[in-house]
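Novice: The sequence shown lines up with residues 62 to 235 when you count with our numbering. Ideal placement from N, C-alpha and C gives every residue a C-beta, glycine not left out. One structure is given below, represented as structure tokens, and several questions about it will come after.
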Amino acid sequence: MKKTAVIPIERIEKSILVIRSKKVMIDADLAVLYGVTTKRLNEQVKRNKGRFPEDFMFKLTKREKQEVVAKCDHLSRLKFSPVLPNAFTEHGAVMLASVLNSKRAIETSLLVVRAFVRLREILSTHKELASKLKELELRIETHDEQIMAIFEAINQLLTPPEKPIKKIGFIVGE
């Protein structure tokens, strides 16, 4: 019986990129994770085109490919490839496991889903923190205004009012 390698979830998380405002994984990364060649992976995608709508998978443009290759050192081998890579969303990555139909693909798809979920949780936590920071900033601004008003009131109390100077001599009408 062949033993499957356990892939650290952190490695999968590093492979998740944001392209077109979607969290995706490139076909070359998924092929490595699923233990197949990129060519075989893309063959299965072509055979099962109906299972991969636009919200599951899309082909990168030349510019997007250049940006991905520039950002990710591990994808440098794509630089000279004439083929534009496919980008798979979370749902597309899971669908790949069913198309590849191997034990390793199924096990890996579970890890991929967990990585996407973990990333989503991290992002939601960051959004919560950002909103709380914004709330604190607003509080601090109002506190600053209130503190300035208090200082002005204290300054007015500390400086005694000027008493009118009494005139010397006889004043009629007092």
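On the DSSP letters alone, give me the boundaries of the alpha helix (DSSP H) that K195 sits inside.
Specialist: Note, K195: alpha helix (DSSP H), K164 to L219.
Novice: Just how far apart, CA to CA, sit Y203 and A210?
Specialist: At residue 203 the sequence reads Thr, which differs from the Tyr that was named. T203 and A210: Cα-Cα distance of roughly 11 angstroms.
Novice: Tell me whether K228 sits in a helix, a strand or coil according to DSSP, three-state version.
Specialist: K228 falls in the coil class under three-state DSSP.
Novice: Our contact map puts D205 next to P146 with C-beta atoms below 8 angstroms; I'd like the distance itself, whole angstroms only.
Specialist: Incorrect: roughly 51 angstroms between the Cβ atoms, too far for contact.
Novice: Can you pull the DSSP bridge partners for K120?
Specialist: Answer is N147.
Novice: What residue range does the beta strand (DSSP E) around L78 cover?
Specialist: Residues L78 to I80.
Novice: Could you tell me which residues DSSP puts in a beta bridge with I87?
Specialist: Beta-bridge pairing links I87 to A148.
Novice: With respect to the alpha helix (DSSP H) encompassing K140, which residues constitute its N-terminal and C-terminal limits?
Specialist: Here K140 belongs to no alpha helix (DSSP H), and DSSP marks it neither H nor E.
Novice: Mapping the DSSP letters down to three states, classify N103 as helix, strand or coil.
Specialist: Note: N103 maps to helix in three-state DSSP.
Novice: Give every residue of the same chain whose Cβ lies closer than 8 angstroms to the Cβ of G230, excluding the five residues on either side of it in the sequence, and list them in chain order.
Specialist: Once the five neighbours on either side are set aside, G230 has no close Cβ partner at all.
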